[in-house]
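In this note's numbering, the protein residues as written are 113 to 290.
Note that CB positions come from ideal geometry on N, CA and C, so glycine has one too.
Predicted, not measured: the structure shown is a model, and the values here were computed from it.
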């Protein structure tokens with residue numbers, strides 16, 4: 113493994129690439145929640161737990177291919193993004209989310225909860241209607257809190273192409289939600 117970037121995870125991924133399960137466990141513990149969040153938002157929850165496990169299995173199997181040209185977290189997100197894109201291409205139906213089937217009562221709190229769920233469902237459907245690249249860019253940027261430069265690295269795009277992608281995604285969402 114060559115090392116081109118100063119990375120706090122370097123030691124653990126280096127050990128994991130040599131079969132150290134404890135070092136890999138530290139990485140899983142550190143990144144399981146952020147990867148789960150990304151995958152959950154991308155898939156709308158469908159099979160998210162299975163996909164997270166599959167991502168970490170891939171990372172374990174491919175740990176020796178990490179070269180240190182980027183931060184481990186960037187490489188990990190790239191693996192997760194690719195896995196989501198592959199999953200999405202196999203799932204032609206897209207994101208779906210079920211509304212709560214329970215019958216709401218007429219109290220103001222129940223009505224407010226229903227309205228929030230309804231708006232969230234509209235946003236999920238609008239995001240689902242974006243292209244795969246726009247969806248991933250907006251999820252990484254707006255929901256996961258990555259900078260444009262970090263999204264560009266994760267998606268392996270230029271900075272300007274990423275800015276444009278995010279701008280188009282936001283514009284498309286505005287049009288769908290108005």
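Residue i vs residue j beta-carbon contact at 8 Å
| i | j | result |
| --- | --- | --- |
| residue 188 | residue 171 | yes |
| residue 125 | residue 158 | no |
| residue 235 | residue 269 | no |
| residue 265 | residue 184 | no |
| residue 267 | residue 240 | no |
Cβ separation of residue i and residue j, assumed to be a contact under 8 Å, to the nearest whole Å
| i | j | result |
| --- | --- | --- |
| residue 152 | residue 145 | About 10 Å separates the two Cβ atoms, so there is no contact after all. |
| residue 119 | residue 180 | 7 Å |
| residue 285 | residue 232 | In fact, because the Cβ distance is near 14 Å, the residues do not count as touching under 8 Å. |
| residue 192 | residue 263 | Contact flag wrong, Cβ pair sits at about 13 Å. |
When the options are compared against residue i, the one with the closest alpha-carbon
| i | options | result |
| --- | --- | --- |
| residue 312 | 186, 224, 230, 134 | Outside the displayed range of the chain (113 to 290) lies residue 312, so it cannot be described from this structure. |
| residue 242 | 154, 119, 122, 131 | 154 |
| residue 162 | 196, 177, 269, 173 | 196 |
| residue 198 | 257, 138, 244 | 244 |
| residue 156 | 131, 225, 247 | 247 |
| residue 127 | 167, 173, 164 | 173 |
| residue 143 | 168, 129, 287, 230 | 168 |
| residue 178 | 123, 283, 229 | 123 |
| residue 140 | 131, 272, 165 | 165 |
Under 8 Å, with one C-beta from each stretch per pair, do the stretch 277-288 and the stretch 250-261 reach the 3-pair mark? yes
Those runs of the alpha helix (DSSP H) which lie wholly inside the stretch 155-190 and span at least 4 residues: Counting only runs of 4 or more residues that sit fully inside the stretch 155-190, the alpha helix (DSSP H) segments are 160-174, in chain order.
Write down every uninterrupted run of the alpha helix (DSSP H) in the stretch 232-266 whose length is 4 residues or greater and which is fully enclosed by it, in chain order. 244-250
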